[in-house]
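All residue numbers for the sequence shown refer to our numbering, where the first residue is 1204 and numbers rise by one. Down below is the structure, laid out as structure tokens.
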Amino acid sequence: MLLLDEPLGALDKRLRETMQVELRAIQRKVGITFLLVTHDQEEALSLSDRVAVMGGGKILQIATPRALYERPNCREVADFIGEMNFFHATVRQITEASVTVNAGILGIVTFPANNLAPGIKVDEHILLAIRPEHVAFAETGLAGEIAASTFLGERNHVQIRIPGRSDPVAVSAATAPPGPAVHLAFPPERLIGLPSRD
């Protein structure tokens, strides 16, 4: 086993990305386990077959990079691995196939049951979570106004102010927002139900 403790931390972005490819190639060639410690989420996801996310001295979740990103098991993991929008909700019904929640400003929402974290029951308060790249601009839906918009090359990162909500909703889209007033759609298959710590 080779222990790597923040091996790329002192490098600039371009060199760090090049070295990530090199490290991955070396690991495949020599065929031994690399144990990498890093605070860089992108580095952890790109270099690892399995990732352990720690918080408060405890392991919160161990999974593949894709599983951590798409199916975090708690808010701490969701916040650490990329950006996430959260909405408070209350579970109203759980079936084998789906979960129905009252999500306040989002209304009554139904999403796939396999997107609900284990152990959550009817009438529990949860966090309904969705990544910025899964929120879409639409002709109808949740109404809001653009608070800030940043062009990042291949994508636009937009902050949408929603009446009655303190935190803006983050949207990452390939196209620029249609105007200062927008409507947002939240695909049900992209919603994740996580335990609420409130």
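Note that CB positions come from ideal geometry on N, CA and C, so glycine has one too.
What span of residues does the beta strand (DSSP E) with residue i cover, start to end?
i: Met1222; result: Run containing Met1222: none in the beta strand (DSSP E); it sits in the alpha helix (DSSP H), 1216-1233.
i: Glu1348; result: 1345-1354
i: Ala1292; result: 1288-1297
i: Leu1309; result: No beta strand (DSSP E) holds Leu1309; DSSP gives it neither H nor E.
i: Arg1364; result: 1359-1364
i: His1328; result: 1328-1333
i: Leu1394; result: Neither: Leu1394 is in no beta strand (DSSP E) and is coded neither H nor E.
i: Ala1373; result: 1372-1376
i: Val1240; result: 1237-1240
i: Ala1341; result: 1339-1341
With DSSP as the reference, please indicate the residues paired to residue i in a beta bridge.
i: Asp1252; result: Partner(s): none; Asp1252 has no beta bridge.
i: Thr1303; result: Gln1296, Thr1313
i: Gly1258; result: Lys1261
i: Leu1271; result: None; Leu1271 has no bridge partner.
i: Val1385; result: Gly1347
i: Ala1266; result: Val1254
i: Pro1321; result: The partner list for Pro1321 (beta bridge, DSSP) is empty, contrary to what the question assumes.
i: Pro1398; result: Ile1329
Buried or exposed for residue i, please, with buried defined as at least 16 other CB atoms from any protein chain shown within 10 angstroms of its CB.
i: Gln1296; result: exposed
i: Pro1275; result: buried
i: Ala1300; result: exposed
i: Asn1317; result: exposed
i: Pro1321; result: exposed
i: Leu1355; result: exposed
i: Gly1260; result: exposed
i: Ala1332; result: buried
i: Arg1334; result: buried
i: Ile1235; result: exposed
i: Val1304; result: buried
i: Val1374; result: buried
Locate the alpha helix (DSSP H) running through residue i, then write down its first and last residues.
i: Val1280; result: 1278-1283
i: Pro1210; result: Where Pro1210 is concerned, there is no enclosing alpha helix (DSSP H), given that its DSSP letter is neither H nor E.
Hey, out of the options, whose CA is closest to residue i's CA?
i: Glu1336; options: Val1304, Thr1378, Ala1351; result: Thr1378
i: Ser1249; options: Val1233, Ile1262, Ala1228, Gly1260; result: Ala1228
i: Arg1269; options: Cys1277, Lys1216, Phe1289, Ala1247; result: Ala1247
i: Leu1206; options: Leu1397, Asp1215, Ala1320, Leu1226; result: Leu1226
i: Ser1405; options: Asp1326, Glu1392, Ile1311, Arg1358; result: No answer is possible for residue 1405: it lies beyond the span of the chain, which begins at 1204 and ends at 1401.
i: Asp1215; options: Asp1243, Arg1253, Leu1239, Tyr1272; result: Asp1243
i: Gly1344; options: Ala1376, Gln1223, Gly1310, Cys1277; result: Gly1310
i: His1328; options: Arg1231, Asp1252, Val1294; result: Val1294
i: Asp1370; options: Pro1391, Gly1347, Asn1359; result: Gly1347
i: Glu1245; options: Gln1230, Leu1271, Gln1264, Val1233; result: Leu1271
Review point. Given 8 Å as the limit, is there contact between the region 1271-1285 and the region 1355-1365, that is, 3 or more CB pairs closer than that?
Key: no
**Study point:** Cβ contact check for the region 1383-1393 and the region 1326-1340: 3 or more pairs under 8 Å
**Key:** yes
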